[in-house]
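Taking it in order: structure first as structure tokens, then the write-up.
Number of protein chains: 4
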Amino acid sequence: MSLVARQMADSHPGSRPAFDDALIKCIEECAACFQACAACADACMAEPDVVSLIKCIRTDLDCSDVCATTTSILSRRAVVDVTVTRAAVEACLASCVACAEECELHAARHEHCRICAEVCRRCEEACRQLLQRL
Amino acid sequence: MSLVARQMADSHPGSRPAFDDALIKCIEECAACFQACAACADACMAEPDVVSLIKCIRTDLDCSDVCATTTSILSRRAVVDVTVTRAAVEACLASCVACAEECELHAARHEHCRICAEVCRRCEEACRQLLQRL
Amino acid sequence: MSLVARQMADSHPGSRPAFDDALIKCIEECAACFQACAACADACMAEPDVVSLIKCIRTDLDCSDVCATTTSILSRRAVVDVTVTRAAVEACLASCVACAEECELHAARHEHCRICAEVCRRCEEACRQLLQRL
Amino acid sequence: MSLVARQMADSHPGSRPAFDDALIKCIEECAACFQACAACADACMAEPDVVSLIKCIRTDLDCSDVCATTTSILSRRAVVDVTVTRAAVEACLASCVACAEECELHAARHEHCRICAEVCRRCEEACRQLLQRL
């Protein structure tokens, strides 16, 4: 599968400059992170050591929700309201950092945490890149 | 109807101190704002002067999404991750201010914008109060 | 706090007949259920017997997500697309039933499950009433 | 970018059989459709003929919300609750059909509607394939 964020951006009237590479990259990473965190939370709930993964489940759920909303907001950037966009991307960055740090603690034992941490770090980087351009 | 945020908070094991009045108030206002902004966006789309309301629809949609996510995150505060919570509430505050300012421009002509602006201002204030306690 | 679903409906141009009592009641119950299920999931994660509550956490999370989306869809009913609305409300009803049944199993031990089950049952009933009118 | 739905599924303990190809395909298409519909709604709002696209914006927004929730629910399928999953996927299918039909009316004039309709049709097909296996 592939997201069509690029094609959707190219076909948006009058707003192409706003949909630059950093924006599209961030949309893609947010969408991937939204799904990965939801899946990691559920995988954690299926582990025998679920009790030691409760904080991880919570950071996964927070990060999943924030990434979904950031995907929507960034997909709606014909008129950029820089204040709202910046605050949303900063919240996304904060939740990606928190989730990556927590998942990394469990990465050696749980492959889903290792993968999820990687996706969070990629999303964190995409948020940083976008913030530099806002 | 009434939200049961208070009852849910009182029945949460071990985390009652975190669910103080400012948190519950903010959850309630975010939930109300999530719904009001979704309804205002749709009402704007039904107005004869929809063309002049496009920016309002966008700020409504952003604010609705951010308030829904903030409702979820604040409902999940057994273990407070202050950095994530703070960033999420700051994003919520920013989107409430942007949406209130835009809706206020149309409040004289459109009752739904007037009501929505009021709800956004209440949510903004609840976010400010909560941020002082985080 | 109070949702302003009624005021938003009354101020919506040209679509008042669609926003009848059953619709507004369903919006209100969906919004309450969205929050209650998110809070119950987190409260379950804070319980000493979390291992026996994993299924409950999952049904809570599903129900919370479905109720949030149903709140948005029902708030957007200026032009009723009966097929989509009906399918969404039926999915909401199914997730409320599943969540209520699971929470009721734990209601004697956990007050948050007892409250959450009640909210789910009220939302279930509101969905049934609305489906009769679609 | 690429979703990591496959890797997340392969690393989920004890639930690999549930994460078959039809499920992963449906998760991927739902995530893509969630983003494409959000972007199409915004692109429609930027068009000179926005007045003729109001219904399209509404079906886009409904479909985006339903696809996001379906992505989350399908990512949480360690324990399959067939009733809830089936109802959610049926709601997703209904909203994809409605959105595709509406976008197809505007596909000749608007590239974003053409692309969005294609994504909706792929998601519709993925929902159908998954429903046959539930």
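Residue numbers (our numbering), protein chains in the order written: chain E, 65 to 198; chain D, 65 to 198; chain V, 65 to 198; chain P, 65 to 198.
We put the CB at the ideal spot given by N, CA and C, even for glycine.
Buried or exposed, going by whether 16 or more other CB atoms sit within 10 Å of the CB of residue i?
i	result
residue 145 of chain E	buried
residue 116 of chain D	exposed
residue 73 of chain E	buried
residue 196 of chain V	exposed
residue 16 of chain P	Residue coverage of chain P in this structure runs from 65 to 198, which leaves residue 16 of chain P outside it and unanswerable.
residue 198 of chain V	exposed
residue 65 of chain D	Caution is warranted here: a pLDDT of 42 is assigned to residue 65 of chain D, below 50, making its placement in the model unreliable, and no coordinate value can be reported.
residue 165 of chain P	exposed
residue 185 of chain P	buried
residue 84 of chain D	exposed
Give the interface partners of residue i over in chain E, defined as CB-CB distance under 7 Å, in chain order.
i	result
residue 176 of chain P	72, 75, 76
What does residue i reach in chain P if we use C-beta pairs closer than 9 Å?
i	result
residue 114 of chain D	114, 115, 118
From which residue to which residue does the alpha helix (DSSP H) around residue i run?
i	result
residue 170 of chain E	Where residue 170 of chain E is concerned, there is no enclosing alpha helix (DSSP H), given that its DSSP letter is neither H nor E.
residue 122 of chain V	118-138
residue 100 of chain V	85-109
residue 183 of chain P	175-197
residue 74 of chain D	69-74
Residue i touches chain P at which residues, Cβ-Cβ below 8 Å?
i	result
residue 159 of chain V	148, 151, 152
List the residues of chain D that residue i touches, going by C-beta distances under 8 Å, in chain order.
i	result
residue 68 of chain E	Ordered by position in chain D, no residue passes the 8 Å Cβ test against residue 68 of chain E, which lies about 20 Å from the chain.
residue 122 of chain P	106, 109
residue 102 of chain V	135, 136, 139, 140
residue 162 of chain E	145, 147, 148
Answer yes or no: do residue i and residue j have a C-beta to C-beta separation smaller than 8 Å?
i	j	result
residue 94 of chain E	residue 177 of chain E	no
residue 124 of chain V	residue 137 of chain P	no
residue 183 of chain P	residue 107 of chain P	no
residue 97 of chain D	residue 160 of chain D	yes
residue 152 of chain V	residue 134 of chain V	yes
residue 19 of chain P	residue 181 of chain P	Lying before the first or after the last residue shown, residue 19 of chain P is absent from chain P, which here runs from 65 to 198.
residue 114 of chain D	residue 118 of chain P	yes
residue 68 of chain D	residue 158 of chain E	no
residue 86 of chain V	residue 169 of chain V	no
residue 171 of chain E	residue 132 of chain P	no
As a quick exercise: from the options, pick the residue whose alpha carbon is nearest that of residue i.
i	options	result
residue 102 of chain E	E:126, E:182, E:171, E:113	E:126
residue 192 of chain E	E:167, E:169, E:155, E:171	E:155
residue 76 of chain V	D:132, D:110, D:68, D:150	D:110
residue 167 of chain D	D:92, D:88, D:122, D:86	D:122
residue 163 of chain V	V:112, V:187, V:141	V:187
Name the chain V residues whose beta carbon is nearer than 7 Å to that of residue i?
i	result
residue 99 of chain D	67, 69, 91, 95, 135, 139
Given that residue i touches chain B, what residues does it touch there, using C-beta distances under 7 Å?
i	result
residue 183 of chain V	Absent from the structure is chain B; the protein chains it does hold are E, D, V and P.
Counting only Cβ pairs nearer than 9 Å, list the residues of chain D close to residue i.
i	result
residue 84 of chain E	Those within 9 Å of residue 84 of chain E in chain D number zero; the least Cβ separation is about 19 Å.
Could you work out which residues of chain E lie near residue i, taking near to mean beta carbons separated by less than 9 Å?
i	result
residue 190 of chain D	What residue 190 of chain D touches in chain E: nothing, since even the nearest Cβ is about 16 Å away.
Who are the neighbours of residue i on chain V, taking C-beta pairs under 8 Å?
i	result
residue 125 of chain P	136, 140
residue 155 of chain P	148, 151, 152, 154, 155
Residues of chain V with a CB under 9 Å from the CB of residue i: which are they?
i	result
residue 132 of chain D	98, 132, 135, 136
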